[in-house]
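A short worksheet on the structure shown next.
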Amino acid sequence: MIRPKNGRIILDSFDISKYEAYKRTELGISYVPAERELFPQMTVIENLELGAFTKRARKRKEENLELVFRLFPRLKERKNQLAGTMSGGEQQMLAIARGMMTCPTILMLDEPSTGLAPKLVAELFEVIRKITEENLTVLLVEQHMTQALSVADRGYVLETGRITLSGSGEELLVNPLVKQAYLGV
Amino acid sequence: MDKNQFRNDTIQILIAVVILALLPLLFRGAYQLRVLNLFLLFMLITIGFNLIFGHTNQLFLCQGALAGSSMYVSGLLALNYGIEPWLVIPLGTLLAGGLAAFFSFIAVARKLEAIFLGITTLSFQLIFQNLIVGLRDITGADIGFIPPELSLGPLTSLLGRSQAYYYLLIIILVVTLLIYRSVMNSNIGLALKMILDDEMASEIVGVNVRRVKITMAFAGAMLIGFTGALYGFFNAYVAPSLYEFTSLDIIVLIMLIFGGKATILGPIVGAGVFTILNEILRPLGPLTVLAYGVVLMILFIFFREGIIPWIKNKTKLPLI
Amino acid sequence: MTIILEGKSLTKYFGGLPAVRDVDFEIGQGEIVGLIGPNGAGKTTLFNIINGVLKPDRGRVIFRGKDITGLKPHTVCKLGMARTLQVPRPFLNLSLLENVMSGAIFGNHNTIARSKAEEIAYRMLEVVGLNHKHYVIAKNLTLQERKKLELARALASNPEIILIDEYMGGLNPAEVKEAMELLQRIRKEYKVTIFWVEHVMRAVMQLADRVIVLNQGLKLAEGKPSEIAQDSRVIEAYLGGGVV
Amino acid sequence: MSYIPVIIDGIVYGLQLSLLAVGITLIFGLGEILNLSHGEFAVIAGVTAAVLNGVDVNPFISALVGVLLAGVFGLIIEKTILISAYKATGETRILSGMFITLGLGFALHGYMANQFALVSYSVRLPIDTIEFLGMVFRPTNLVAGGISAITLILLMLLLKYTYFGKAVRSVVQNEIGAQLCGINPSRIRMIIFFIGTMLAGLAGIMQGLSSTIEPEVGVQLTIFAIIVSIVGGVRSVTGTIVAGILLGVVYSLVSFLIGTYIATIFFLLAAALTIVFRPEGLLGHKV
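Here it is in structure tokens:
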């Protein structure tokens, strides 16, 4: 979406910072934005099928569909519902599931908890934990620090464009500076 | 706003007007005088269109219908009821202004994007064209009608009909430009610049954007309606072809885009260049349309900003 | 303390989903009130309802005793409520001076002469620290300078209250300190009440008299900064459940 | 029962308008280019087919050549003069696209009107008229209606069930979302421009089949197609087809009962009133 002014993004040691968004998806980077960017007037299953649009993903469509239905049983129940008529939480699940349908090597989740009720947030992180068990790299940008860190192997704290803290999830979880960065106290 | 700006504006307007006023001394032939009159008529309509589209981004595609409805109303009233034309032209002018204000009101009330306002007004243009042909008992359809002569007082006997019209138009132009300049240098001018830049921010800062837009549509269309009526009376023969989309709207649009939107000199230069071009292309017959099509494409592909802003950028001259 | 701005059960839906739900608040004259909450909590929507950019589906906005619900932003501005935006929107093709003059000329309750407006503009540009750039065209400014310019434009309309939608994001600690001093000064010298959305917590916690917390469109908590920082519901909304 | 042939004429005419208008709908939905030269593609194909047919080329082959010519020309336009419009964003893109295609429309119109001036062209089949229950039908008209209907049904199936069709709908609904799925929007736009101009060409040939086609009608075809597209909801293919048939029937009836100019005014009013009162169109949803 936005190309970096300086610096490079390296994936499997290829420099991909200059590619357009659709090419990044082709190369195996799946980005799930906070806005979700679903197709509101298509059904759940159509949304998922479009996730498997690229040649690479189309080959593995069936097994991926099985995988996301296993992770998100609710999507299976509602597979013929229009995406635009679902609740916020379900839409977020669908966005992540669609991201997984693209057969990524890395899944980037941008603030997935935006606008979700606490109970749903907990559910969401449970799923994210399960996704990591599927041998998929997840890059998570999140405001809900404690939950994010509890599922993360490593964490970075960004303040005004600079990385100010980094470490393993457990380390950061107990670091008082992290809380200070968030709450200013 | 400041004294320098005021002087700068006055000088540029003065130069333009003096050049225009001297033209009949160089081009005296009947045909040349006719072309000169067309030049001024189209220039005034383009200025009116600039007030609407150039300054407030309201895409009106019905200049022909505004000019035409003004002429048909005033011309037919004068012809059928023997009313002095000068008494009915204001009626036609007000009608044009009222119609435009109505469209503008609908556009702001329904928050229409430019493209949809464009199509709505284009529909009105085509409805007008169809009505003129359909109401043949009143309008004479394609055959048209001959309006009574518009009396220009002693000017006619002094200069001859064409020159009399020409200098009448020059007077109208001078008045228009002087009002235009003082408006642009007033608070309204600042509001117009702000609206062109960012409508939402203007609203938040305290500008009544709706009112400014409707007022500008009204004022611009009054100028179009007034000039449109003079066009018909000057032509001494009124037929739908004068006010068709292809014979008026497109040309005015090209004149404005070429000259430069939201500038004072743009419509003047644009009207000049395309009046000449129109005369050069006339012998081509139906291919004129092809030529205009190509010009329109080239303008929008390579030259969207217009000639006056372009010169201004290149030379840093303070053109208005 | 007299109440200057009041919201009564303000509610706004977007496509069936509530963005702001039954929010009540009161702002006293001369206060600095912070409005905080996680992304998507409805803060900007609430501001848009208050100054008339959006019409609420339910509820009323009372400003200086007058019901202003449903009035257009330009009218609200003239009544004495100025506003800056999350992503600043100065007039990019106008000079800084013209930008600020626009606020003085159109936003003011009274008609003021151009010369007077120019005088105000010079002063406001100085207040926000852009006094060396009067004739620069606004599109050449950096994001931070645009924020300052927008604040100057808002101040030029001589407001009773100003709604500031994020001012400190992206500033370094020294700049944050400077910005905080600026807001203090605005309140003291120009007697302007400040209602303020901010993500830089350090600044809100130090500067605000009171803080209102929104979450998911609902008012979650309200109180002194020190109380808010200890409030478990707030911490949970921000950092997620199960906090140490 | 003299209304039935009028209504059937109206349906056939409406189907032809739909064929034209779905191109406008799809092209606008995908790239925000309102193609104001769309009717000229119908003229290009119609006239080409009629001219070939006139020198005894098989009607089917003539039609095929005409349709392909319109499509290829459309493709060239999309890849050349529209690039500058695609580079712009927001309102600038919409206005540039609108004016560039308006210029193109005029250029094509001027050329065709000059080259093939004042002649009516028609594509002929070897049968004349059929009588049924005392009413006279022209088989060409029915064939034109049939082909139009089948084409529209195929188009809807394509959009509904194929991967390509789903990709088209995804770009219309959410271009960013489509990119995230690995779909290249500019490629989709190009293919749809090709298909859209071919459909316009087919509409022109159908008009040449059911009545005649003259170079002069290009502008009117464009305007009518845009109106149909707007009444149908600018981004809804189903809406466009429904609107086309509806307006076609009403147009025929009003023309028959009152007069063509009132029918045309009715058409134009339908567009203006839709924009003002129901901007989302008849059915009110996307694609």
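Protein chains in written order, with the numbering used here: chain A, 1 to 185; chain B, 186 to 505; chain C, 506 to 749; chain D, 750 to 1036.
Ideal Cβ placement from N, Cα and C applies to all residues, glycine included.
> Within 10 angstroms of its Cβ, does B:I364 collect 16 or more other Cβ (buried), or is it exposed?
Replying inline: Around the beta-carbon of B:I364, fewer than 16 other beta-carbon atoms lie within 10 Å, marking it exposed.
> At which residue ranges does the stretch 659-709 of chain C contain complete beta strand (DSSP E) runs of 3 or more residues, listed in the order of the chain?
Replying inline: If we require 3 residues or more, the beta strand (DSSP E) runs fully inside the stretch 659-709 of chain C come out as 666-670, 698-702.
>> Please report the straight-line C-alpha distance between B:L205 and B:F224, rounded to a whole angstrom.
In response: Going from the Cα of B:L205 to the Cα of B:F224 covers about 10 Å.
> According to DSSP, is B:I268 helix, strand or coil?
Replying inline: Coil.
> Nearest CA to the CA of D:V966: which residue from D:E827, D:M847, D:F790, D:P888?
Replying inline: Looking at the Cα atoms, D:F790 is the closest of the given residues.
>> My assumption, with CB atoms under 8 Å, is that B:I496 sits in contact with B:L504. Please give the rounded CB distance.
In response: With 8 Å as the limit, B:I496 and B:L504 qualify as a contact, their Cβ atoms being about 6 Å apart.
> Closer than 8 Å, CB to CB, is A:P186 near chain D or not?
Replying inline: Nothing in the structure corresponds to residue 186 of chain A, since chain A is present only between 1 and 185.
> Is the Cβ-Cβ distance between D:G945 and D:I776 less than 8 Å?
Replying inline: Yes, the Cβ-Cβ distance between D:G945 and D:I776 is below 8 Å.
>> Can you determine whether any heavy atom of the ligand NAP sits closer than 7 Å to the C-beta of A:G167, and answer yes or no?
In response: Within the structure as shown, the ligand NAP is missing, as the structure has no ligands at all.
> Along chain D, in chain order, which residues have C-beta atoms closer than 7 Å to that of B:P468?
Replying inline: None at all; the shortest Cβ gap to chain D is about 13 Å.
> Rounded to whole angstroms, how far is the Cβ of D:A798 from the Cβ of D:V814, which I believe are closer than 8 Å?
Replying inline: Between D:V814 and D:A798 the Cβ distance is about 7 Å, and since that is below 8 Å, they are a contact.
> Does any residue of chain D bring its CB to less than 8 Å from the CB of A:R3?
Replying inline: Bear in mind that the predicted position of A:R3 carries a pLDDT of just 41, short of 50, making it unreliable; the figure below should be weighed with that in mind. So, not an interface residue.
> Just curious, the beta strand (DSSP E) that A:S30 is in, first and last residue?
Replying inline: In this chain, the beta strand (DSSP E) harbouring A:S30 covers 29-32.
> Any beta-carbon of chain F closer than 8 Å to the one on A:E49?
Replying inline: Reference to chain F is not applicable here, since the protein chains of this structure are A, B, C and D.
> Using a beta-carbon distance cut-off of less than 9 Å, what residues from the stretch 676-705 of chain C approach chain B?
Replying inline: Answer in chain order: no residues at all.
> Using the beta-carbon count (16 or more within 10 Å), is A:Q91 buried or exposed?
Replying inline: Flag for A:Q91 reads buried.
>> Any beta carbon from chain A within less than 8 Å of C:L656's own beta carbon?
In response: For C:L656, no CB of chain A lies under 8 Å from its own CB, so it is not counted at the interface with that chain.
> How many whole angstroms separate the CB atoms of D:T989 and D:V977, which I take to be in contact at a CB cut-off of 8 Å?
Replying inline: The Cβ separation is near 6 Å, so the contact holds.
> Less than 8 Å separating the beta-carbons of B:V220 and B:T400?
Replying inline: Cβ atoms of B:V220 and B:T400: not closer than 8 Å.
>> Would D:G926 pass as an interface residue toward chain A - the criterion being a Cβ-Cβ separation below 8 Å?
In response: Taking 8 Å as the CB threshold, D:G926 lines the interface with chain A.
> Is the Cβ-Cβ distance between A:F39 and D:S935 less than 8 Å?
Replying inline: It is not a contact, given that the beta carbons lie outside the stated cut-off.
>> DSSP three-state label for C:I642, please.
In response: Note: C:I642 maps to strand in three-state DSSP.
> Below 8 Å, can you find three or more Cβ-Cβ pairs linking the stretch 195-210 of chain B to the stretch 417-434 of chain B?
Replying inline: Too few Cβ pairs lie closer than 8 Å, so no.
>> Beta-carbon within less than 7 Å of C:M506's beta-carbon, same chain only, minus the 5 sequence neighbours each way: which residues are those?
In response: Hits under 7 Å: G533, Q534.
>> Counting only Cβ pairs nearer than 8 Å, list the residues of chain D close to A:P40.
In response: Within 8 Å Cβ-Cβ: Q922, N923.
> Can you tell which of B:G405, B:R213, B:L199 has its C-alpha closest to the C-alpha of B:L280?
Replying inline: That would be B:G405, whose Cα lies nearest to the Cα of B:L280.
>> Please list, in chain order, the chain B residues whose beta carbon lies closer than 8 Å to that of C:G608.
In response: For C:G608, the neighbours in chain B by C-beta distance under 8 Å run, in chain order, V390, G391.
> Just the Cα atoms here: how many angstroms apart are B:S259 and B:L302?
Replying inline: Distance between the alpha carbons of B:S259 and B:L302: 27 Å.
> In chain order, what residues of the stretch 538-549 of chain C put their CB closer than 8 Å to some CB of chain A?
Replying inline: Within the stretch 538-549 of chain C, those residues whose Cβ lies closer than 8 Å to any Cβ of chain A are, in chain order, P543, N544, G545.
>> Between the alpha carbons of C:A684 and B:I486, how many angstroms are there, rounded?
In response: Rounded to whole angstroms, C:A684 to B:I486 spans 45 Å at the Cα level.
>> Tell me whether the stretch 549-566 of chain C and the stretch 351-362 of chain B touch, counting them as touching only if at least three CB pairs, one residue from each stretch, are closer than 8 Å.
In response: With fewer than three CB-CB distances shorter than 8 Å, the stretch 549-566 of chain C does not count as touching the stretch 351-362 of chain B.
>> Determine, for D:V1025, whether the minimum Cβ-Cβ distance to residues of chain B falls below 8 Å.
In response: Contact with chain B is found for D:V1025, since one of that chain's Cβ atoms lies less than 8 Å from the residue's Cβ.
>> Whether or not the stretch 452-466 of chain B and the stretch 285-294 of chain B are in contact is what I'm after, with contact meaning three or more pairs of Cβ atoms, one per stretch, closer than 8 Å; do they touch?
In response: Pairwise C-beta distances place the stretch 285-294 of chain B out of contact with the stretch 452-466 of chain B, as fewer than three of them are shorter than 8 Å.
>> Which residue marks the beginning of the alpha helix (DSSP H) containing B:D382, and which one marks its end?
In response: Its alpha helix (DSSP H) spans residues 372-382.
>> Between which residues of its own chain and D:F1016 is the CB-CB distance below 7 Å, once the five residues before and five after are set aside?
In response: Correct list, in chain order: F973, I976, L996, Y1000.
> If you drop the 5 nearest sequence neighbours on each side, which residues of the same chain put their C-beta closer than 7 Å to that of C:G674?
Replying inline: Correct list, in chain order: H704, V705.
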